[in-house]
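Since the structure comes first, as structure tokens, the remarks are kept for the end.
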Amino acid sequence: MTTISLPVKPSPPRDALVPRIVLLGNPNAGKTTLFNRLTGLRAKTANFPGTTIERRVGAVRVNDSDIIIEDLPGLYALNAGNPEERIAAAVLNGELDGRPRPELAIVVIDATNLTRNLYLASQARETGIKVIVALNMVDLVEANGTNLDREALAAELGAPVVPISARSGQGIEDLVDRLAAEMSDSTSETPVPEALAACSSCSGCPHGARFDWAEQVGRKVAHTTVLPARWTDAIDRVVTHTLVGPIIFAAIMAGLFTTLFVLADHPMGWIEEWFGLMGDAVSSVFSDGLLHSLIVDGIIGGVGGVVVFLPQIVLLFFLLSLLEDTGYLARAAFVMDRWFRKLGLPGRAFVPMLSAHACAIPAIMSAKVIESKRDRMITIMILPLLTCAARLPVYAMIIGLLFPDNPLAAGLLMTGSYSLGIVAALVAALVMRHTIFPGQPESLVIELPTYKLPSFRNAILTAFDRGMIFIRKAGTVILAISLILWVMATFPTLPEDGLVEVASAADQARLVEIDTQTANPAIDANTREALEAERSAMHSAYAVEYSMAGRLGKLTEPIFAPLGFDWKINIGVISSFAAREVIVSTLGIVYGLGDAAEDEDALRDVLAAQTHADGSPVFTTALCLSILVFYVLAMQCLPTQAVTKRETGSWYWAAFQFGYMTVLAYTAALITYQTVSALGHG
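Position 458 of the sequence shown, counted from 1, bears residue number 458 in the UniProt record's numbering, the numbering being contiguous throughout.
This is how it looks when you write it as structure tokens:
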């Protein structure tokens with residue numbers, strides 16, 4: 001359960017005296033859509049102190065001045081029965097952050113589910129805070145032939161009622177006008193109506209009395225004049241069918257992720273080119289040296305390695321927001337719950353698991369849709385096991401070594417790599433369900449919202465908000481760690497005249513040949529350039545060995561030797577804990593390719609040509625499969641670790657995720673290498 005620690009009246013923050021209102025409402029009532037409509041891009045997202053519950057604060061312009069507006073978690077009641085309810089109660093009572101009670105609460109009611117929403121509205125009226133009721137989705141109610149008596153509802157609640165459609169913007173100006181009037185009115189709030197006050201004073205069952213009151217009010221204010229044909233029932237019978245439903249969902253999500261990959265490809269390429277141009281610009285100003293390397297390799301490379309995934313994240317949340325707005329995702333979760341419960345997972349885990357095949361970062365962020373803390377934790381812990389786009393360069397490199405001229409075998413091995421990640425994730429979920437997170441997944445109790453057209457405006461704002469969270473949180477961490485890795489791979493530096501001392505006997509002989517040939521003034525310019533490039537590449541390779549990273553690679557050689565890894569591969573493995581694909585460029589440098597490591601064919605040829613002292617190949621079938629299995633299962637992505645920490649609220653779970661995946665990867669790679677070697681392919 002989420003731990004909540006409320007501060008004891010600290011000094012008021014700087015904005016404590018700024019007028020403040022809150023948004024209150026049931027899940028799926030359209031509260032966040034209204035928040036986006038009122039604040040636009042003037043919002044910030046963080047967590048409530050001591051919790052992992054998301055907190056969104058923005059500003060709305062009223063009477064030429066700003067009013068702070070806070071989007072409270074979606075909840076059904078103010079009974080303090082779960083973390084969201086306790087947070088809302090703390091905010092309304094002025095017990096959080098030293099801020100006073102809000103001046104006003106806008107209670108968002110889903111007009112299509114009036115009776116259920118009135119329970120929370122009735123409790124809000126009894127808090128002593130001014131209340132405005134935003135009667136949302138009135139356009140859908142009217143389309144269904146139902147008329148709502150707004151005046152009667154206002155009389156029953158003792159609060160003004162403003163009909164709106166947060167999705168289309170209908171009634172928003174009226175809501176702002178009512179907000180302005182209420183904020184400028186210095187009188188106290190309207191007394192609670194007698195019938196409503198009687199609910200709390202009921203000596204028998206106040207909750208039952210409140211539900212009875214809500215049902216009576218619902219019947220009184222809602223008048224159905226036309227009973228339309230429920231064509232949506234026919235759709236639901238198909239999309240929630242036990243067998244057909246999962247097929248439809250798989251097809252929709254396959255289309256979504258195909259669209260994601262297609263649309264994100266070019267923007268990702270543009271970002272890579274832009275950062276490449278930045279590196280070229282720095283190179284034109286600074287000559288080769290530590291400052292040049294720091295800026296190009298440490299800062300630009302570190303930030304670029306994160307920002308390049310931004311299009312995937314923005315597009316994913318944009319498309320998911322559109323899909324969620326239609327009302328379909330709730331039905332998909334209902335369908336998948338039947339299958340996933342057998343594996344110890346909730347139905348809501350299916351969408352994050354699918355998105356993890358694009359990138360684990362937005363997948364972990366999207367796990368917020370899972371309400372149960374236990375189920376959400378299991379889902380977050382297993383998501384990085386699913387093959388993401390960042391693993392593809394590693395897969396391509398290793399599979400290319402094994403099957404350079406057999407595309408069918410290469411394709412089958414690629415499919416096997418994806419399948420291994422899926423199987424590992426499902427097995428890990430089962431194990432966690434029976435060990436650290438025991439018990440059955442909670443039953444899925446979910447409201448199937450009304451079908452409606454999605455709001456592109458809301459989807460854009462949601463995508464922008466999630467993109468900014470990604471840049472601020474994950475980006476800062478990866479930059480810091482990238483700089484640390486740059487320092488480790490750079491220092492201590494190998495002096496230019498120290499290369500001969502650390503080089504092997506064969507390389508020392510080659511250096512003598514290079515120096516002799518370059519000293520000859522008769523050689524042509526192209527030959528001289530090629531020889532100097534060879535010497536520079538050799539220096540880069542030995543510089544890595546001479547650095548802290550190289551020494552760490554040699555230090556860890558006994559640990560990874562049972563997997564078939566030597567110290568050079570260890571450097572690639574260690575450096576790729578920042579980002580998996582880093583091993584490709586790292587091995588290129590270690591094996592003397594330098595910047596040419598970006599050429600996959602050149603790197604593959606060099607790796608294939610590596611031999612031991614006895615002439616046997618280094619990259620055998622056993623070693624290649626060992627590396628492949630390790631990279632399928634290992635946690636090697638610092639931004640993912642940063643997001644895991646953010647979503648779980650603790651570095652402990654990020655460390656646990658890293659630990660169990662590393663042990664799993666090591667064990668599986670060990671078994672793979674030893675077994676394949678024993679079969680004569682080592």
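Ideal Cβ placement from N, Cα and C applies to all residues, glycine included.
Contact belief for residue i with residue j at Cβ below 8 Å, rounded distance in angstroms
i, j, result
"Phe317", "Ala166", "With 8 Å as the limit, Phe317 and Ala166 do not qualify as a contact, their Cβ atoms being about 18 Å apart."
"Arg433", "Gly344", "3 Å"
"Trp486", "Leu638", "The pair is not a contact, with the Cβ atoms about 13 Å apart (cut-off 8 Å)."
"Val162", "Leu175", "5 Å"
"Ser547", "Pro492", "7 Å"
"Lys137", "Ala111", "Position check: residue 137 holds Met in this sequence, whereas Lys was assumed. About 5 Å; that satisfies the 8 Å criterion."
"Leu153", "Val217", "7 Å"
"Gln636", "Thr644", "Their Cβ separation, rounded to whole angstroms, is 13 Å, which puts Gln636 and Thr644 out of contact at 8 Å."
"Ile68", "Pro19", "7 Å"
"Thr313", "Phe565", "Correcting the residue identity first, residue 313 is Ile in this sequence and not Thr. Not really, about 32 Å apart at Cβ, beyond 8 Å."
For residue j and residue i, the rounded distance between their alpha carbons
i, j, result
"Leu511", "Met397", "29 Å"
"Asn406", "Ala608", "16 Å"
"Met365", "Val307", "16 Å"
"Ala509", "Thr518", "14 Å"
"Ser455", "Leu140", "14 Å"
"Leu291", "Gln641", "29 Å"
"Phe211", "Trp231", "30 Å"
"Ala222", "Ala358", "46 Å"
"Leu499", "Tyr542", "7 Å"
"Ala597", "Val584", "With a pLDDT of 42 at Ala597, under the threshold of 50, the modelled position of this residue cannot be trusted, and the question is left open."
"Pro449", "Val22", "24 Å"
"Ala159", "Leu96", "26 Å"
"Asp177", "Phe35", "16 Å"
"His681", "Ala622", "6 Å"
"Glu103", "Asn63", "16 Å"
"Ser536", "Trp270", "30 Å"
"Ala429", "Arg646", "21 Å"
"Asn526", "Ala533", "11 Å"
"Pro246", "Leu323", "16 Å"
"Arg55", "Asp497", "58 Å"
"Leu315", "Tyr631", "26 Å"
"Pro13", "Leu461", "Note on Pro13: pLDDT 47, under 50, position unreliable in the model; no value is reported."
"Thr127", "Thr259", "47 Å"
"Asp605", "Asp614", "20 Å"
"Gly416", "Pro393", "16 Å"
"residue 768", "Asp375", "Outside the shown range of the chain (1 to 682) lies residue 768, about which nothing can therefore be said."
"Pro384", "Val351", "14 Å"
"Asp236", "Phe249", "13 Å"
7 Å Cβ cutoff met for residue i and residue j
i, j, result
"Asn570", "Thr33", "no"
"Ala89", "Val107", "no"
"Ala669", "Val629", "yes"
"Ile109", "Asn117", "yes"
"Leu633", "Ala360", "no"
"Arg331", "Val239", "yes"
"Met253", "Leu401", "no"
"Pro27", "Gly58", "no"
"Leu625", "Thr586", "no"
"Val296", "Gly279", "yes"
"Ile380", "Ala367", "yes"
"Tyr451", "Gly327", "yes"
"Ile378", "Phe334", "no"
"Ala549", "Met488", "yes"
With 16 other Cβ atoms within 10 Å as the buried cut-off, status of residue i
i, result
"Gln610", "exposed"
"Glu513", "exposed"
"Ser65", "exposed"
"Pro558", "exposed"
"Trp651", "exposed"
"Trp213", "buried"
"His539", "buried"
"Leu412", "exposed"
"Asp524", "exposed"
"Lys342", "exposed"
"Glu581", "buried"
"Glu501", "exposed"
"Ile484", "exposed"
Chain B contact for residue i (CB, 7 Å cutoff)
i, result
"Glu532", "You won't find chain B in this structure, because it holds only one protein chain."
Entirely within the region 472-536 and at least 4 residues each: give me those alpha helix (DSSP H) ranges in chain order. Within the region 472-536, the runs of alpha helix (DSSP H) that reach at least 4 residues and sit entirely inside it are, in chain order, 475-490, 499-502 and 505-518.
Could you tell me which uninterrupted alpha helix (DSSP H) segments, each at least 4 residues in length, are contained entirely in the region 275-316, listed from first to last along the chain? 290-293 and 301-307
Sequence ranges, alpha helix (DSSP H) only - wholly within the region 396-471, length at least 4: 407-433 and 456-469
In chain order, which continuous runs of the alpha helix (DSSP H) of length 4 or greater are located wholly inside the region 90-170? 114-125, 138-143 and 150-157
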